[in-house]
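Asker: Below: one structure in structure tokens.
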Amino acid sequence: LLQMFQPLSFLGVMYRQIKESITDVERMFGLLGRPREIEDKPDARALDVVAGEVRFDHVNFAYNADRPILRDVSFAIPAGNTVAAVGASGAGKSTLARLLFRFYDIQQGSITIDGQDIRHVTQDSLRAAIGVVPQDTVLFNDSIYYNIAYGRPEASREEVIEAARAAHILAFIESLPQGWDTVVGERGLKLSGGEKQRVAIARTLLKNPAILILDEATSALDTQTEKAIQGELLEIARSRTSLIIAHRLSTVVEADEILVMEGGRIVERGRHPDLLVKNGVYAHMWALQQQAEDETA
Ligand code: ATP
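Take any residue in the sequence shown, count from 1 to its spot, add 325: that is its number in full-length UniProt numbering.
Okay, here's the thing in structure tokens:
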């Protein structure tokens, strides 16, 4: 009998391993085909996060050699600041985030965190320093507790509860008949878009990373939920170095710097009011969006 069950328990272990390797991050980066494996250098050291300053210096990048995607991209996010990338679909915004996470290596230039080239540090230490709130949060088919604690599995129960409270999802969890043990995800309770984002926010608060990537949702949440969540996201962005991939310009109004991207280049940059005065690409995008909002109002 034991022999009969051994293969099954092996499958169980494998299932768990596979499940744990499918993170939000991978979903965020739309990895249908996984990128080529990036390997740690033999002498790679752990990233030493001192302040959390991010710097892209003359970065050129192509997924495939025959089609350049990023061209001579340079910007810095001083520790604690927020930089937002905006631009049409395909402009290269999400690529910036994938590169910061080192899902791919760049062909020219450098990306550094506190002066350390990310190619020279271990991927584990790099990814531990960066939190991601993706567009569409993947929920594991497990308890809501597991789903939030995943942000830092060694966190205490009190810390998990605190993160849920700060993400404004605690009352909702406590209102469920099975509370924290409620199974969510594919075969469990389906959460709304807003609830899923709050789970992602709670996970990230628990992880407490020095650097944050926010990939703003394109999917429509109702306006009230969206406003509330935007406020919560900006709140977590405030205390750390943040890169926002913005799809709606209203999110970026307060950014320390806005990068306007077109065809893989930064074509304009600055703060919201300065870009409006410039009356260029950004001002045009802003006018179009205001018009669209007025029409739907
Ligand atoms: P969106 O607002 O639609 O999310 P984006 O500005 O974030 O767009 P990216 O996802 O950065 O755009 O993509 C930039 C370009 O790179 C696009 O032309 C896209 O087709 C291409 N691209 C993205 N991922 C890959 C990949 N894995 N392999 C090859 N090309 C890719």
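Heads up, the beta-carbon is just placed ideally off N, CA and C, and yes, glycines get one too.
Identify the continuous beta strand (DSSP E) that holds residue 455 and give its terminal residues.
Answerer: Taken as a continuous stretch (DSSP letters only), the beta strand (DSSP E) holding residue 455 covers 455-458.
Asker: Could you name the residues whose beta carbon sits closer than 5 angstroms to any heavy atom belonging to the ligand ATP, keeping them in chain order?
Answerer: With the cut-off at 5 angstroms, the residues found are 388, 394, 414, 415, 416, 417, 418, 419 and 420.
Asker: Verify whether the separation of the beta carbon atoms of residue 494 and residue 526 is less than 9 angstroms.
Answerer: Yes, Cβ-Cβ distance for residue 494 and residue 526 is below 9 angstroms.
Asker: Quick one, which of 519, 432 and 446 has its alpha-carbon nearest residue 374's?
Answerer: Checked all of 519, 432 and 446; the closest Cα to residue 374 is 446.
Asker: For residue 565, count neighbouring Cβ atoms within 10 angstroms of its own Cβ and tell me buried if that reaches 16, exposed if not.
Answerer: With 16 or more other Cβ atoms within 10 Å, it is buried.
Asker: What are the boundary residues of the beta strand (DSSP E) that includes residue 582?
Answerer: Counting along the chain, the beta strand (DSSP E) containing residue 582 begins and ends at 582-587.
Asker: Among residues of its own chain, excluding the 5 on either side of residue 630, which ones have a beta-carbon nearer than 6 angstroms to its beta-carbon?
Answerer: Absent from the model: residue 630. The displayed extent of the chain is 326 to 622, so no value can be given.
Asker: Taking Cβ positions, are residue 385 and residue 393 nearer each other than 9 angstroms?
Answerer: A contact, by the Cβ cut-off of 9 angstroms.
Asker: Below 8 angstroms, how does it come out for the region 420-436 and the region 528-542: are there three or more Cβ pairs, yes or no?
Answerer: Contact holds: three or more Cβ-Cβ distances are below 8 angstroms.
Asker: Quick check for students: name the residue ranges of the alpha helix (DSSP H) that lie wholly in the region 408-459, counting only runs of 4 or more.
Answerer: Listed in chain order, the complete alpha helix (DSSP H) runs (minimum 4 residues) inside the region 408-459 are 418-425 and 448-454.
Asker: Apart from the five residues just before and just after residue 377, which ones in its own chain have a Cβ nearer than 6 angstroms to its Cβ?
Answerer: Around residue 377: 404, 535, 536 and 566.
Asker: Sort out for me which residues DSSP pairs residue 385 with in a bridge.
Answerer: Partner(s): 433.
Asker: Specify the secondary structure class of residue 347 as computed by DSSP and reduced to three states.
Answerer: Its pLDDT being 47, under 50, residue 347 is placed unreliably by the model, and the measurement read from it follows with that caveat. Three-state result, residue 347: coil.
Asker: Looking at the structure shown, is residue 593 part of a helix, part of a strand, or coil, going by DSSP?
Answerer: If DSSP states are grouped into helix, strand and coil, residue 593 belongs with the strands.
Asker: Among 363, 517, 477 and 514, which one has its Cα closest to the Cα of residue 444?
Answerer: Here the closest residue by C-alpha is 363.
Asker: Residue 528: which of 613, 459 and 440 sits nearest, CA to CA?
Answerer: It is 459 whose Cα lies nearest to the Cα of residue 528.
Asker: Kindly provide the ranges of any beta strand (DSSP E) runs that are 3 or more residues long and lie completely inside the region 527-567, ordered along the chain.
Answerer: If we require 3 residues or more, the beta strand (DSSP E) runs fully inside the region 527-567 come out as 536-540.
Asker: Assuming contact is defined by CB atoms lying nearer than 9 angstroms, are residue 455 and residue 524 in contact in what I supplied?
Answerer: No; because the gap between Cβ atoms is not below 9 angstroms, this pair is not in contact.
Asker: Along the chain, where does the alpha helix (DSSP H) containing residue 497 start, and where does it finish?
Answerer: Start and end: 495-500.
Asker: Work out the CA separation of residue 611 and residue 588 for me, nearest whole Å.
Answerer: Taking the straight line from one Cα to the other gives about 19 angstroms.
Asker: Considering Cα atoms alone, identify which of 580, 365 and 591 is closest to residue 598.
Answerer: The shortest C-alpha separation from residue 598 is found at 580.
Asker: Reducing DSSP to helix, strand and coil, say where residue 599 ends up.
Answerer: Helix, per DSSP.
Asker: Could you tell me the distance, in whole angstroms, from the CA atom of residue 520 to the CA atom of residue 368?
Answerer: Cα to Cα, residue 520 sits roughly 42 angstroms from residue 368.
Asker: Start and end of the beta strand (DSSP E) containing residue 469?
Answerer: No beta strand (DSSP E) holds residue 469; the alpha helix (DSSP H) holding it covers 469-474.
Asker: Could you say which of 586, 605, 562 and 607 lies nearest to residue 414 if we only look at CA atoms?
Answerer: That would be 586, whose Cα lies nearest to the Cα of residue 414.
Asker: Alpha carbons only, please: which of 574, 512 and 492 is nearest the one belonging to residue 550?
Answerer: Out of 574, 512 and 492, 492 has the C-alpha closest to the C-alpha of residue 550.
Asker: Return the CA-CA distance between residue 463 and residue 510, expressed in angstroms with no decimal places.
Answerer: Spanning the two alpha carbons is a distance of roughly 8 angstroms.
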